[in-house]
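The structure under discussion appears below in the form of structure tokens.
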Amino acid sequence: MSMKVPYLDLGAHHAPHRAEYLRAIEEVIDRGAFAGGVYVEEFEKQFADYCEADFAIGVGSGTEALWLPLLAMGIGLGDEVITVPNSFFATAEAISYTGATPVFVDIEESSYNMDPAGLEAALTPRTKAIIPVHLFGQPADMEPILDFARRHGLRVVEDAAQAHGAEYRGRRTGSLGDAAGFSFYPGKNLGAFGEGGAITTSDPELAQRMRMLRDHGQDQKHSHAMVGWNCRMDGIQAAVLQIKLARLDGCNDLRRQRAAEYDRAFREMEEVVAPAGHEDRSHVYHIYPIRVRQRDRVMGGLAERGIGCAIHYPVPIHRQGAYEHLGLEEGTFPVAERCAREFVSLPMFPELRSEQVDAVVGAVRETVQTQPVS
Ligand SMILES: *Cc1c(COP(=O)(O)O)cnc(C)c1O
């Protein structure tokens, strides 16, 4: 059995609807709605509905979609925001770019998400907000996190960059905290043809401030009530995203079906830890990560067999050079650090076929069950 399987196949994802995308892009050109404008406004309405939130605000990236809510909440120099060390770097970066300091808590091994039990020890008089990350497409355990936030007067911003459409106790991500940041980076479950992001919230005041912040602090044309930035979404991205949003649930279902096939196969392999599901959450499998002891050997074996794979993320954020000054030594967050050493992300995308899943599983089996030579 030798079948090459790419880690991601955006070509296969886009090919069937190419004509529809081109028509939408032509419309944007004809109407000249390039920066903000009618396509962005339409997309915002559709995305807010999809997320069961009152407002969506289109921005230029997922990083901006985490940064602007914090700014709008008045978070800045001297403040602290609690998040997790195993996320994409942008989660902590958005905190730092307000002038505040990220404070990390370890993750739960059962979900790879924020361990609510770690919040108490991370709390200081400077703590202003919490950013739980719905990593890999599975919502964090929001109820205890929201409870803790309410008790201590903290705001909650969901990092939903990997979890478009996922649900926690029957409610969509993007509707759970005070605000949520989504990314439409091309490889995400909902991906643009370039950079893009959106913030959702049901707080009208916060929404108003974020709309101003993304457009140079303007409350109306030529009136700058505050200093903001240019974080507007492109019209072309919004037009493409409208088409893709209509298919998102179907694509998430396909990801779940392939994930269930992986799960069944890995249940038989004691060398492999597959991601655990939770009854009260729906997972949208942006990423399908397994954990293995001898990762280099496994990844080498997969590469030899033409199977694409990746690591999300090999170096936890507190161990990055940019945060050396925080003085967080190896061993500070043992669960996040161990997972970072063991994670391997396997091919996962809606167009992945069952035969390809079989090929990946076969390759993993061969590599984990081969004893190393030395
Ligand atoms: C992708 C991602 C971001 C950043 O989004 P961009 O659109 O790339 O700026 C933030 N957080 C997480 C968890 C992500 O996966």
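Residues in the sequence shown are numbered from 0 upward in steps of one, following numbering that gives the first Met the number 0. Yeah, the Cβ is synthetic: ideal placement off N, Cα and C, and Gly gets one too.
State the Cα-Cα distance for the pair residue i and residue j, rounded to the nearest angstrom.
i      : j      : result
THR172 : ASP158 : 9 Å
VAL334 : ARG208 : 37 Å
ASP218 : ALA206 : 12 Å
TYR379 : GLU303 : No answer is possible for residue 379: the residues shown for the chain start at 0 and end at 373.
LEU122 : GLY77  : 14 Å
GLY57  : HIS215 : 14 Å
PRO315 : VAL226 : 33 Å
ARG168 : ARG280 : 6 Å
TRP66  : GLU43  : 18 Å
LEU382 : ALA120 : With the chain running from 0 to 373 in the structure shown, residue 382 is simply not present.
GLU204 : MET72  : 10 Å
GLU142 : HIS277 : 14 Å
SER1   : GLU354 : 11 Å
CYS250 : GLU63  : 26 Å
GLU269 : TRP228 : 51 Å
VAL272 : LEU247 : 28 Å
SER174 : LYS3   : 39 Å
MET347 : PRO124 : 42 Å
GLU365 : PRO313 : 23 Å
ALA197 : GLY35  : 12 Å
ARG170 : ILE144 : 15 Å
PHE103 : ALA128 : 12 Å
ASP177 : GLN368 : 47 Å
HIS311 : TYR184 : 16 Å
GLU26  : HIS16  : 16 Å
ASN85  : GLY361 : 29 Å
PHE135 : LEU70  : 26 Å
Return yes when the Cβ of residue j is within less than 9 Å of the Cβ of residue i, no when it is not.
i      : j      : result
PRO349 : GLN137 : no
LEU118 : ILE81  : yes
ALA89  : ALA160 : yes
ILE24  : ILE306 : no
VAL156 : GLY180 : yes
ARG292 : GLU341 : yes
HIS282 : ALA309 : no
ALA99  : GLU79  : yes
ALA91  : HIS133 : no
GLU356 : TYR284 : A quick correction: the sequence has Val, not Glu, at residue 356. Taking 9 Å as the Cβ cut-off, VAL356 and TYR284 do not qualify as a contacting pair.
ALA139 : SER182 : no
CYS338 : ILE74  : no
VAL363 : ILE289 : yes
VAL239 : LEU301 : no
PHE46  : ALA32  : no
LEU325 : PRO101 : yes
Could you spell out the range, first to last residue, of the alpha helix (DSSP H) harbouring residue i?
i      : result
PRO68  : 61–71
SER353 : 353–368
ASP29  : 17–30
GLU92  : 89–95
GLU350 : Element bounds for GLU350: n/a, residue is neither H nor E.
Classify residue i as buried or exposed, calling it buried when 16 or more other Cβ atoms lie within 10 Å of its own Cβ.
i      : result
THR126 : buried
ALA245 : exposed
ALA14  : exposed
ILE242 : exposed
PRO115 : buried
GLU323 : exposed
HIS223 : exposed
THR199 : buried
ALA18  : exposed
ARG210 : buried
ARG231 : buried
GLY59  : buried
ASP233 : buried
ARG22  : exposed
LYS187 : buried
ALA321 : exposed
In the DSSP assignment, find the beta strand (DSSP E) that holds residue i and state where it starts and stops.
i      : result
GLU157 : 154–158
PHE103 : 100–103
LEU345 : 342–345
ILE129 : 126–129
ALA139 : Neither: ALA139 is in no beta strand (DSSP E) and is coded neither H nor E.
VAL80  : 79–82
ASP114 : Run containing ASP114: none; DSSP gives neither H nor E here.
GLN161 : GLN161 -> no beta strand (DSSP E), and no H or E assigned at all.
ASP218 : 217–219
Problem set entry | Runs of beta strand (DSSP E) lying entirely within the region 252–330, each at least 3 residues, in chain order | Fully enclosed beta strand (DSSP E) runs of no fewer than 3 residues occupy 287–290 of the region 252–330, in order along the chain.
Exercise. Can you give, in chain order, each stretch of the beta strand (DSSP E) that sits fully within the region 174–212 and has at least 3 residues?
Worked result: Qualifying beta strand (DSSP E) stretches, in chain order: 178–182 and 196–200.
Problem set entry | Any alpha helix (DSSP H) of 4 or more consecutive residues that is wholly inside the region 32–62 | Qualifying alpha helix (DSSP H) stretches, in chain order: 37–49.
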